[in-house]
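Engineer: Chains as they are written, first to last, in the numbering used here: chain A, -18 to 135; chain B, 1400 to 2164; chain C, 2 to 285.
We put the CB at the ideal spot given by N, CA and C, even for glycine.
Take a look at this one; I'll ask things after.
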Amino acid sequence: MKQTVQFKLNGESIQIEVEPHLSLLQVIREKLELTGTKEGCGMGECGACTVLVDGKAINSCLFPILEVEGKSVTTIEGLIEADGTLHPLQRSFVENGAVQCGFCTPGMVLSAKALLDQHPKPTEKQIRLAISGNLCRCTGYIQIIRAIQAASEQ
Amino acid sequence: MTEFINVGKRIPKSDAQEKVTGKAIYIQDLKIPGMLWGKILYSHHPHARILNIDTSEAEKLPGVKAVLTGYNIPTIKFGFYKDNTPLKSNKVCSYRDEVAAVAAIDPDIAEEAINLIKVEYELLPPVFDPEEAMKEGAPLIHEDHLGGKEKKPTNILNIPWKLVAGDVEEGRKNSDYVAENRFKVTWVTHCCMGTSGCIAQFDPRDNLTIYSNTQIPSLAQRDFTEALSAMGLQGKKVRLIKATIGGAFGSKLDTYPYEYIAILLAHRTRKPVKIIFSREEEFFATSPRQAAIIDIAQGCKKDGTLTFRDVRMVLDNGAYTSWGATTPSVMMMPISSLYKVPHVRYVAKCVYTNNTYSQAFRGYGNPQATFAIESQIDSLAEMAGIDPLDFRLRNANTPGEVTPQRFKVGTCGLRECIDAVAQRLDWRQNRGKRDGRGVGMASLIHVGGGARVYKSDGCGTIIKVDDFGTVNVITGATDMGQGADTVIAQIVAEELGVRIQDVVVTHTDTDICPWDVGAHASRTTFVAGNSAKMAAKKVKEQLLEVASRSLGEVPENLEIRDRMVFSKIDPEKKSPLGKVLRAAHYTTGGKMVMAEYFYDPPNENLDKEFKGNLSVTYAYGTHGVEVEVDKTTGQVNILKYIAAHDVGRAVNPMLLEGQVYGGAAMGIGYALMEQLVLNNGKVINPDFRDYKILTASDIPTIEAITIETDDPFGPFGAKGIGEPGLVPTAPAIANAIYDAIGVRIKDLPITPEKILAALKGKDSK
Amino acid sequence: MKKFDYLKPQSLEEVLSLLNQFGTKAKLIGGGTDAIVMQRQNKISPDLFISLRGIPGLDHIEGNGLLKIGAMVTHRAIEQSPLIRERFPLLSEASGLLGSVQIRNVATLGGNLCTASPSAETAPPLLVYEAEVHLISQKGERRIPLESFFLGPGETALEQKEVLKEILLQPPPPNSRGAYLKLGRRKAMDLAVVNVAVLLTLNPKTGICERARIALGAVAPTPIRVREAENIIEGNQLNDELIRKAGEMAKHTCSPISDIRASSEYRREMVGVLVEKAIRQSLT
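Structure representation (structure tokens):
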């Protein structure tokens, strides 16, 4: 039994018919074809599916789609500016070697964004804590932490 | 050393922008119109005879397009030992055995269909301990597998890993001190953030296109071509296209049953079929690093000079054979050649069990062997009353040395690495206090200039240059996140005199890209880099030849820099590169500027005695760590981590450091917390909740120190660095723990429980 | 993936009537970080989830004396609430250690308690604060101590048609200090191998420990209070010997199991270590 859900996705209002058992992740990846958000585990343990709901980082794989009703969702696709300019965090990830295989990157960038929106000048410890829910197997996190630091200093 | 314009620079990874914006397309993201979804039914038992498979209910389910079992598919054998099949008939030998597969119009229906398949089993006695499996009368995993002199059924594989150099008994006699220990290492798995998957598709002429995330495109193409032959499709073509790879680390160095299953389903249904692993499947149905029991003895003289090294290993092969069974070929390297040791013996047995089967994993046996060797070096140094730092310096490899395995050591910065670590750890000051804080170090040797494990260790490159000066580099190499794409672009830009932005590297399609043996053995920068450099050199010659005509200057006097061709003696004679190229194309009898090069390094296959110069050059490194151990809980806190590596030359220091950090992070996990736990053959922690990899809060600050030895064979002096970062991590940590609290843990991972138990044992003594 | 319906009632009354209507086919869902995972793992398979997210009045943190925390308050909100940090710091600390930021932004206190995991992060602090839970059903409302709410792993005193509405915390007596310690394998994103909360009330003049509350997680079928250990130190001037004895007693009172995260022996051992440590930390 499909239901209608309305929410803001990357600034645009959308209305979509969904099956109620779907997760936000399934809807944005499969129905809306925004594949920048990744599924790494489907159990809320890796953070690859991180998106922002009303500015807060959440695991979209565990987020029931009907709960986004009336909320504002930001995915990685929503960070880049209309003219193609990268968000300062994205630029910093590129420049600091924070990207290897890249599968964790969209989620990582969004967790970092949620942090910087709340704490524009975080300590290293705050950065580490903010991205502890985002597993990365390539980088050992060092250059990711550096990239977030660098972005916060701009 | 010479300064370069592109080489040696911290240039961002070529596809980083795609990745930070979510635009990179991984196998998960790829869809083909009309595509079906495949799912696999796995065994419910570790060892059982299949009596019956009833697929009738599954077949009836609307949306199901095909149901396959081992009984309705052609026989396809694959794997290093050709003992694996896509779907099992007759019997299952492990929990990960594939019993049936379904293709359906969506993943939910496929899943539902899988649950409707009924399999009747007759249970067989299983064996999970490789030492038990070696015994006479143990349950046989493959009844038709014969071995030994009498050709009797056995679980011991017919791979006689044995390296003997010198006379270890003689060495033992001449030793003043001998240490003998048993070490154990367990299964750990790659945990690629992107799970495995593929899409298989046939064209109307039965040619296969497979979208994959393999790290061995050319060898996978060969495997799949063989599979087509087995399916009665002789002479049909295989095209392999790589999506962006969400991590590999060796996990994608072999072909897997699921890929053959996707091919079979696609052929049966005449539709594209996609299989994507769930995280749970990724944990239990891909192949981990091998578990092993390591018995090791080493001896030394009073002054610390090593006298011999004698190692025996039993490796748990699991139920089938992939590259895990060949890791002893790499274990031989540190056993024979880490430090100068005159007498060496190594014997390894790989044994079938009903456990999961193993694969390549970053380091390929080296981390396991180095854990035993380097842990014991500290014990031996202690017996001899010598500071482990001095002990290592005394025995360190040096340039020009030929090791017992006949490795020819060229450039070697091992001493510099050891010194750098000692200095950064303030070693003399901090060692030996036993006050809960301690320092430890361990070193490594690894292949740094390719590794001739096949007849060829080659990689092809094609370079073409278009009308506008864009340089298309078409390489056999594979980028799986490590930065091969970027490093190759830097090397070509440097050689050719163009800007890095002018170079486009293509590495994703076997219909286009030349042959390469694969992204393994830390060989890509060295082998693919040399290949690209040589191809660029040929292209440059052509470019200068063309330019010489229009500029009226002999090619020897011409140079290219920053998109401009100019005369070195007459600065007036110059022309933009694009103009030169257009002139070449728009001329009667015109010429296309394009070149290829196949670089196969001058290294040697190991001979029948497993000796020979496997790699053109060797990579060295030393990791040093300071830890704090909580004696009440057994918890280890890493206070300082130094990773010094002889890298030849850092083509891209930023990406290189990324390899070191990432390697060390994996190594710390290997040392302290990672373990794929098998309970009677079943993986009981197939999730990130209980298979713990480090989080950003756990990673210590790692200081990467680069020792540049400018290797004469490397592209611009570079050696490989992909694997070394995790090789010495576990023993460095184990040694630091010993220095802190005086207990030595000889089986990985070093859990707080083991530390506490060892501390209690020590107190009761 | 098994399908389910998902209802978003607008009032508690509506929730209760839906529970009545659907019985065991329905399951309440808070943040869903446990419920959805259990559903995916086939540990539960409701036809219907009834969401509490839209219910007004379940997400408050308020009260001057008695503090009321709505069942739908997220761990992130608790972690960041100055009120809780000041008055119930152990709860604040424990909430900040649960899962990741992403989980804490969604996972609710009520959900954490209703999942009733033996290692529930917030349970030991709430037990030492002697929290009560306010339950409501069509039959009426009741308040019971949290301690009697937990019945076993995944089992609570919540009746099938009952809803956990809020968590109530009485302010501890003046001069109370405590500590929350969690032992995990990682520094973040980890389930507790053992977690311990201690709350001591010390007479500022005599230094005598007038009241002691000690609670343990992950070492019994439910989070537990260890009164036997509390009794050892209550009414006494604390010294090394007594602290050691309290630790020993806690160690012998709990009943840990062996699982993939730790052996029962290690857990038991760690109870002693952490209880001692937590008592000492409470004194400083």
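Are there any heavy atoms of the ligand GTP lying less than 7 Å away from the beta-carbon of B/M1993, as far as the coordinates show?
Structural biologist: No copy of the ligand GTP occurs in the structure displayed, which carries no ligand at all.
Engineer: Anything in chain C within Cβ reach of A/I39, meaning under 8 Å, just list it in chain order.
Structural biologist: Near A/I39 (Cβ distances below 8 Å), the residues of chain C are Q103, N106 and V107.
Engineer: What residues from the stretch 223 to 249 of chain C come within 7 Å of chain B, judged by C-beta to C-beta, listed N to C?
Structural biologist: So nothing in the stretch comes that close.
Engineer: Can you pull the chain A neighbours of B/D2086, defined as C-beta to C-beta under 9 Å?
Structural biologist: Here the neighbours are C22, M24 and E26.
Engineer: Report the residues of the stretch 173 to 193 of chain C with a CB closer than 8 Å to any CB of chain B, ordered along the chain.
Structural biologist: Answer set for the stretch 173 to 193 of chain C: L184, R186, R187, K188, A189, M190, D191 and L192.
Engineer: For a contact defined as C-beta to C-beta under 7 Å, what are the partners of A/H100 on chain C?
Structural biologist: The premise fails here: A/H100 is roughly 11 Å from chain C at the closest Cβ pair, so nothing lies under 7 Å.
Engineer: Any C-beta of chain A sitting closer than 8 Å to the C-beta of B/M1434?
Structural biologist: Output row for B/M1434: interface = no.
Engineer: CB-CB under 6 Å to B/N1956, same chain, minus the five flanking residues each way: which ones, in chain order?
Structural biologist: Excluding sequence neighbours, B/N1956 sits near S1966, K1967 and I1968.
Engineer: Under 8 Å Cβ-Cβ, which residues of chain A neighbour B/A2063?
Structural biologist: Near B/A2063 (Cβ distances below 8 Å), the residues of chain A are G121.
Engineer: What does a CB cutoff of less than 7 Å around B/L2054 pick up in its chain, not counting 5 residues either side in sequence?
Structural biologist: For B/L2054, where only same-chain residues beyond five positions count, the Cβ hits under 7 Å are K1412, G1882, T1885 and V1886.
Engineer: DSSP three-state call for B/R1922: helix, strand or coil?
Structural biologist: In this structure, B/R1922 counts as coil in the three-state DSSP scheme.
Engineer: Going by the CB atoms, is the gap between B/G1837 and B/A2139 shorter than 8 Å?
Structural biologist: Yes, they are a contact pair.
Engineer: Please report the straight-line C-alpha distance between B/I1695 and B/V1710, rounded to a whole angstrom.
Structural biologist: Those two C-alpha atoms are separated by around 4 Å.
Engineer: Look up C/F5 in the DSSP assignment and say whether it is helix, strand or coil.
Structural biologist: Reduced to three states, the DSSP call for C/F5 is coil.
Engineer: With three or more C-beta pairs closer than 8 Å as the rule, is the stretch 1495 to 1512 of chain B touching the stretch 1427 to 1447 of chain B?
Structural biologist: As far as the Cβ criterion goes, the stretch 1427 to 1447 of chain B touches the stretch 1495 to 1512 of chain B, which means the pair count is three or higher.
Engineer: In angstroms, rounded to a whole number, what distance separates the CA positions of B/K1748 and B/D1715?
Structural biologist: Looking at the two C-alpha atoms, the distance is approximately 9 Å.
Engineer: Would DSSP call C/N322 helix, strand or coil?
Structural biologist: It is not possible to answer for residue 322 of chain C, since the shown part of chain C is limited to 2 through 285.
Engineer: Hey, how far is the Cα of B/P1529 from the Cα of C/I225?
Structural biologist: Going by the C-alpha atoms only, they are around 42 Å apart.
Engineer: If you count every other CB in all the chains shown that lies within 10 Å of the CB of B/K1476, and 16 or more means buried, which is it?
Structural biologist: Result: exposed.
Engineer: Could you confirm whether any beta carbon from chain B is found closer than 8 Å to the beta carbon of A/K12?
Structural biologist: No - not a single Cβ of chain B is within 8 Å of the one on A/K12.
Engineer: Which bits of chain B does A/R109 rub up against, with CB to CB less than 7 Å?
Structural biologist: Within chain B, the residues near A/R109 are A2095 and S2096.
Engineer: Run through DSSP, which three-state label would A/K37 get?
Structural biologist: Residue state, collapsed to three classes: strand.
Engineer: Identify the continuous alpha helix (DSSP H) that holds B/N2051 and give its terminal residues.
Structural biologist: From DSSP, B/N2051 is part of no alpha helix (DSSP H); its letter is neither H nor E.
Engineer: Count the other CB atoms within 10 Å of the CB of B/I2136; is the residue buried (16 or more) or exposed (fewer)?
Structural biologist: With 16 or more other Cβ atoms within 10 Å, it is buried.
Engineer: Could you round the C-beta distance between B/L1843 and B/P2052 to whole angstroms and report it? I think they count as a contact, below 8 Å.
Structural biologist: Contact doesn't hold; Cβ gap of about 20 Å is too wide.
Engineer: For B/D1622, which three-state DSSP category applies?
Structural biologist: Helix at B/D1622.
Engineer: Measuring straight from C-alpha to C-alpha, what distance separates C/P154 and C/K44?
Structural biologist: Near 13 Å, if we compare the C-alpha coordinates of C/K44 and C/P154.
Engineer: Provide the residue(s) that pair with B/C1858 in DSSP beta bridges, ordered along the chain.
Structural biologist: Note: B/C1858 sits in a beta bridge opposite B/D1915 and B/Y1998.
Engineer: For the beta strand (DSSP E) containing B/V2015, name the first residue and the last one.
Structural biologist: Segment: none, B/V2015 is in no beta strand (DSSP E) and carries neither H nor E.
Engineer: How many angstroms separate the CA atom of A/E76 from the CA atom of C/K188?
Structural biologist: Going from the Cα of A/E76 to the Cα of C/K188 covers about 28 Å.
Engineer: Does B/R1571 come out as helix, strand or coil in the three-state DSSP assignment?
Structural biologist: The answer is helix: DSSP assigns B/R1571 an H, G or I state.
Engineer: To the nearest angstrom, how far is it from the Cα of B/L1813 to the Cα of B/T1797?
Structural biologist: So the alpha carbons of these two residues sit roughly 8 Å apart.
Engineer: Measure from the alpha carbon of A/L97 to the alpha carbon of each residue in A/A111, A/P87 and A/G88, then state which is nearest.
Structural biologist: Of A/A111, A/P87 and A/G88, the residue nearest in Cα terms is A/A111.
Engineer: If you draw a straight line from the alpha carbon of C/M250 to that of C/H61, how long is it in whole angstroms?
Structural biologist: Rounded to whole angstroms, C/M250 to C/H61 spans 38 Å at the Cα level.
Engineer: What residue ranges within the stretch 1795 to 1852 of chain B form continuous beta strand (DSSP E) runs of no fewer than 3 residues, ordered along the chain?
Structural biologist: Correct list: 1836 to 1846.
Engineer: In or out: C/I104 buried (at least 16 other Cβ within 10 Å) or exposed?
Structural biologist: Label assigned to C/I104: buried.
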